[in-house]
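See structure below.
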Amino acid sequence: MSSDPHILAISGLGDEVLEHTEVKVSHCYQCGKCSAGCPLSEEMDYPPSVIMRMLQTGNPELEEKVLRSFSIWVCLTCEMCFARCPMSIDIPKMMDFLREKSIKEKKANKKAKEIIAFHKSFLDSIRYTGRLYEIGLFVSYKIRTLRILDDMDLAPKMIMRGKLNIIPELIKDRTGVASIFRKTVKKNKN
Amino acid sequence: MTLGFYPGCSLKGSSREYAESVLAVANAFDIQIREITDWNCCGATAAHNMNRELSFSLPARILSLAEKQGLQEIVVPCAACYSRLTVTKHELAKDPVLKNAVTEANGLDYSGAVEVLNIIQMLNKYVTPNLESHVVRQFDHKVACYYGCYLIRPHEILKFDREEDPQSMDELMLKAGATPIDWAFKTECCGAGLSVSRTASVGRLSGKIIGDAKDRGAEVMIVACPMCHSNLDMRRNSINEYLGEKVDIPVLYITQALGLAIGLERKVLGLQRHFVNVTV
């Protein structure tokens, strides 16, 4: 373990990021372009460049803060940070890894409850029908979050415009899709 | 040759007017289109946020089906699906371990041979060469072409258009008689997947986009992504709340705008389905 951030191999979480995503946090020289371009950085607890710095330190306490941060969940994967990084560091790919690890270790930030509930409801719909069933997604999300009254005005307007299917589109090979979920998601059940 | 079609979930539901206008324009230019049979959702943001292997297995199933059904080329009008499918092709080509895991999960053969086109690539290949001769009514409006994220990024993989200040939609709209404006928010994110879970954030992000377009005199927004469309159109109340004024610039899919220019009927293009009235 070293406190020198300029060496290539970084201990702990930075190493794991490298192993799973090929993203080298040591390549970041803190120019801040990612944080400047990130449309959500003002809503984050740590903007992207600070996340990079925290991982560079190899300090387990800071790594823990990264996994428990709100930043990794409010990140939209809009890919602007990657586009503007002068070192071509694939921050979105790293964020995917951090999110998955954060969930697996039950460290997801409490403020991200709604965001994660949305993802779970979305995936549930695909698991059972093969495609996204928008009404099912809304209902499942409301049950998960108890935000029953949100967007109540939206559904009737969508139905009026023919934008909401009452009956889900079911694919034929639903067992095939369900088996994809079994084989991939079972490995890291949360 | 028959062009394969992957609509994705939005085009079968909340953005069905995008599918309607894509098919109507394709028909007007005699493009043979066949929808991939029994396709599944690409997994979108939810899958890659939660599980890496799942996020590649779902798009890989779609590509395998296209291959199996004899399609060499598919058009994917949803920019988000296009990005997921293209990134999957890229990752599976360079990572044999991942490819094995994915084909094992899917139980389908995968060679990676299917060509994936976004809507602009499809239009430029099959429509643009004959577009000007088909235009019967110039789309004579100032338009803000909004590219969003996934049509362009990750640029290192998609390699489409320019990463900053892209031009492909502007060039197409110019051919249809429009005047594309210069503006600053072409590739800024609309808030995408946070639409339901953090609507106020979407109001702010999409508000900046609509606000800049309006300040620079845009009369119409032109988009190529159902998420961009639903945020800019269906979330207009949140946007207006953020802007502190009522802005009623309509948001058209590029295929709707081109459809109007070549004289297709408004109803065929699904213009009546929008939340913000299409007055052009």
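Going line by line, the protein sequences match chains A and B.
Using the numbering used here, the first residue of the first sequence is number 277, and each one after it goes up by one.
Using the numbering used here, the first residue of the second sequence is number 104, and each one after it goes up by one.
Even for Gly, the Cβ is constructed at its ideal location relative to N, Cα and C.
Query                                                                                                                                                                                          : Result
Using the beta-carbon count (16 or more within 10 Å), is residue 293 of chain A buried or exposed?                                                                                             : buried
Alpha carbon to alpha carbon, what distance is there between residue 222 of chain B and residue 384 of chain B?                                                                                : Outside the modelled stretch of chain B, which goes from 104 to 383, sits residue 384 of chain B, for which no answer is possible.
Give me the chain B residues within the contact set of residue 382 of chain A, using Cβ-Cβ distance strictly less than 7 Å, ordered along the chain.                                           : Within 7 Å Cβ-Cβ: nothing; residue 382 of chain A doesn't reach chain B, min ~14 Å.
Output yes if chain B places a C-beta closer than 8 Å to the C-beta of residue 417 of chain A; else output no.                                                                                 : yes
Tell me the residue span of the beta strand (DSSP E) that contains residue 324 of chain B.                                                                                                     : 323-326
Cα separation between residue 466 of chain A and residue 295 of chain B?                                                                                                                       : The pLDDT assigned to residue 466 of chain A is 43, lower than 50, so where the model puts this residue is not dependable; a value taken from the coordinates is nonetheless given after this. Looking at the two C-alpha atoms, the distance is approximately 25 Å.
Which one of B/240, B/176, B/116 and B/180 has the shortest CA to CA distance from residue 126 of chain B?                                                                                     : B/180
Can you tell me whether DSSP reads residue 282 of chain B as helix, strand or coil?                                                                                                            : strand
On the three-pair Cβ rule with 8 Å, is the region 376-386 of chain A touching the region 414-432 of chain A?                                                                                   : no
When burial is assigned at 16 or more other CB atoms within 10 Å of the CB, is residue 369 of chain A buried or exposed?                                                                       : buried
For the region 357-377 of chain A, which residues have a CB atom closer than 8 Å to at least one CB atom of chain B, in sequence order?                                                        : 358, 359, 364, 366, 368, 372, 373, 375 and 376
Among all the DSSP beta bridges, which residues are the ones paired with residue 177 of chain B?                                                                                               : B/107 and B/219
Using the beta-carbon of each residue, which ones in chain A are nearer than 8 Å to residue 409 of chain B?                                                                                    : Any answer about residue 409 of chain B is impossible in this case: the structure gives chain B only from 104 up to 383.
Residues in the same chain with beta-carbon distance under 7 Å from residue 412 of chain A, minus the five sequence neighbours each way, listed in chain order, please.                        : 401 and 444
Which complete beta strand (DSSP E) runs does the region 313-365 of chain B hold, if anything under 3 residues is left out?                                                                    : 323-326 and 354-356
In chain order, what residues of the same chain lie with their CB nearer than 6 Å to the CB of residue 317 of chain A, ignoring the 5 residues before and after it?                            : 311 and 323
With a threshold of 16 other CB atoms inside 10 Å of the CB of residue 285 of chain A, please say whether the residue is buried or exposed.                                                    : The pLDDT assigned to residue 285 of chain A is 48, lower than 50, so where the model puts this residue is not dependable, and the model offers no usable value.
Can a CB atom of chain B be found closer than 8 Å to the CB of residue 494 of chain A?                                                                                                         : Any answer about residue 494 of chain A is impossible in this case: the structure gives chain A only from 277 up to 466.
Our contact map puts residue 406 of chain A next to residue 145 of chain B with C-beta atoms below 8 Å; I'd like the distance itself, whole angstroms only.                                    : Not confirmed; about 11 Å, so no contact.
DSSP state of residue 247 of chain B, grouped into three classes?                                                                                                                              : strand
Please look up how many angstroms separate the CB atoms of residue 139 of chain B and residue 107 of chain B, rounded, as I've assumed it's under 8 Å.                                         : 6 Å
Have a look at residue 105 of chain B and residue 340 of chain B and give me their C-alpha separation to the nearest angstrom.                                                                 : 41 Å
Does the Cβ-Cβ distance between residue 332 of chain B and residue 160 of chain B come in under 8 Å?                                                                                           : no
DSSP three-state call for residue 136 of chain B: helix, strand or coil?                                                                                                                       : strand
Name, please, each residue of chain B whose Cβ falls closer than 8 Å to the Cβ of residue 456 of chain A.                                                                                      : 157, 160, 161, 164, 208 and 209
Here's a check: name, in chain order, each residue in its chain whose Cβ is nearer than 6 Å to the Cβ of residue 409 of chain A, leaving out the five neighbours to either side.               : 401 and 444
What do you reckon, are the CB atoms on residue 157 of chain B and residue 391 of chain A nearer than 8 Å?                                                                                     : no
Leaving aside the five residues before and after residue 320 of chain A along the sequence, list all residues of the same chain whose C-beta is less than 7 Å from its C-beta, in chain order. : 346, 347 and 350
Kindly indicate which three-state DSSP category residue 441 of chain A falls into: helix, strand or coil?                                                                                      : coil
Applying the 10 Å Cβ sphere with the 16-neighbour rule, what's the burial state of residue 290 of chain A?                                                                                     : buried
Only counting the same chain, and skipping five residues up and downstream in sequence, which positions put a Cβ closer than 6 Å to that of residue 129 of chain B?                            : 136
Determine contact between the region 225-239 of chain B and the region 297-306 of chain B, defined as no fewer than three beta-carbon pairs at a distance below 8 Å.                           : no
So if I threshold CB-CB distances at 8 Å, which residues from the region 298-313 of chain B count as touching chain A?                                                                         : 299, 300, 301, 302, 304 and 308
Within the 8 Å Cβ cut-off, does residue 323 of chain A reach chain B?                                                                                                                          : no
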